[in-house]
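Asker: Sharing a structure below in structure tokens format, with a few things to ask.
Residue numbers (my numbering): -17 to 98.
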């Protein structure tokens, strides 16, 4: 599933996204609020990616890969995903270089609309 906003491309994650995702998930600046969750092993990121793929198959909506429109560079990830098959969770993580640009808000609005 591909979704577009005015400034973002939101795509279903694929295996080729692993290295860029690990770059974000292992960056200490991405985890200043919760340093113990920083990925120090690419296997953790790979399991996260596989979990998202399963959520997409099961629920039809899960975490997207976030890119600036027309770019192949991953700016982050986020979206709505079902937790414990009971409730929807909205979350995101952006590369520190794109903080403060309103991308999280833009992605969240699209995610909430999609979850409805």
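Ideal Cβ placement from N, Cα and C applies to all residues, glycine included.
1. Pick out whichever of 94, 74, 5, 55 has its Cα sitting closest to the Cα of residue 86.
2. Going by the beta-carbon positions, is the gap between residue 56 and residue -10 smaller than 8 Å?
3. Indicate the three-state DSSP secondary structure (helix, strand or coil) for residue 33 in the structure shown.
4. So, with DSSP's three-state summary, where would you put residue 8?
5. Excluding five sequence neighbours on each side, which residues of the same chain lie with their C-beta closer than 8 Å to the C-beta of residue 11?
Answerer: Quick answer:
1. 74
2. no
3. helix
4. coil
5. 78
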